[in-house]
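Input: a single structure, listed below in structure tokens.
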Amino acid sequence: MPSGDCVLSFVIDGDSVRCADGREIRLLAIDAPEMAQQPWGARAREELLRVAPVSTPLGVEYDAVRVDTFDRDLAYLFLPGGDMLNEHVVASGYALAFIIPPNRRYEDRIEAAEAAASAEGRGLWAEWGFTCRPADFRQERC
């Protein structure tokens with residue numbers, strides 16, 4: 000279960016948020032389109048905001064690696080009812096599973112959420128024209 004708290008103060012994009020205490024958290028195990036990947040980046044951000052509006056208290060759970068090279072916390076975030084925000088964004092189809100070992104605690108859940116979103120044509124999977132995975136976009140491969 001969550002080991003810390005974050006009161007949401009700002010949604011940066013579909014997989015990164017800022018807490019009221021100033022921490023920036025990158026949601027583990029998911030990869031949402033970059034904001035420059037329009038309109039998909041904005042849609043991913045809007046979906047995250049829809050389920051976790053500003054001021055939402057979130058539970059924070061860390062995995063093996065807690066901080067990335069950009070000094071962001073790496074975590075799974077939990078909504079007040081207990082649902083995992085990371086999993087929700089993938090299940091809605093607005094982010095992809097993006098597992099980077101050793102952070103694999105919820106790998107099966109996240110990958111199952113992506114498979115279901117893809118099979119049911121939700122979010123990005125329903126969008127004509129979404130052909131460039133966020134990781135490839137960052138590397139300027141598409």
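Numbering-wise, numbering that gives the first Met the number 0 puts 34 at position 35 of the sequence shown, and it's gapless, one number per residue. Don't be surprised by glycine CBs; every beta carbon is placed ideally from N, CA and C. This structure is a prediction, so every number in the text was calculated from the model and none was measured.
{"Check": "DSSP puts residue 57 in a beta bridge; with which residues?", "Outcome": "5"}
{"Check": "Beta-carbon separation of residue 62 and residue 101 under 9 Å?", "Outcome": "yes"}
{"Check": "In chain order, what residues of the same chain lie with their CB nearer than 7 Å to the CB of residue 18, ignoring the 5 residues before and after it?", "Outcome": "5, 6, 7, 8 and 24"}
{"Check": "Rounded to the nearest angstrom, what separates residue 0 and residue 87 at their Cα positions?", "Outcome": "Low confidence applies here, because residue 0 scores a pLDDT of 47, under 50, leaving its location unreliable and the question unanswered by this model."}
{"Check": "Tell me the rounded alpha-carbon separation between residue 26 and residue 75.", "Outcome": "6 Å"}
{"Check": "According to DSSP, what are the bridge partners of residue 73?", "Outcome": "25"}
{"Check": "Would you say residue 16 and residue 57 are within 9 Å of each other, going by their C-beta atoms?", "Outcome": "yes"}
{"Check": "Where does residue 53 land, buried or exposed, given buried means 16+ other C-beta within 10 angstroms?", "Outcome": "exposed"}
{"Check": "Would you check if the distance between the CB atom of residue 169 and the CB atom of residue 96 is smaller than 9 Å?", "Outcome": "The chain is shown from 0 up to 141; residue 169 falls before or after that span and cannot be answered."}
{"Check": "Count the other C-beta atoms from every protein chain shown that fall within 10 angstroms of the C-beta of residue 40, then say buried if there are 16 or more, exposed otherwise.", "Outcome": "buried"}
{"Check": "Compute the Euclidean distance between the alpha carbons of residue 129 and residue 123, then round it to the nearest angstrom.", "Outcome": "6 Å"}
{"Check": "Mapping DSSP to helix, strand and coil, what is residue 107?", "Outcome": "helix"}
{"Check": "Quickly, what does DSSP pair residue 117 with across the bridge? List them, please.", "Outcome": "None, per the DSSP bridge assignment."}
{"Check": "Rounding to the nearest angstrom, what Cα-Cα distance links residue 83 and residue 50 in this structure?", "Outcome": "11 Å"}
{"Check": "Quick one: what's residue 15 bridged to in DSSP?", "Outcome": "12 and 25"}
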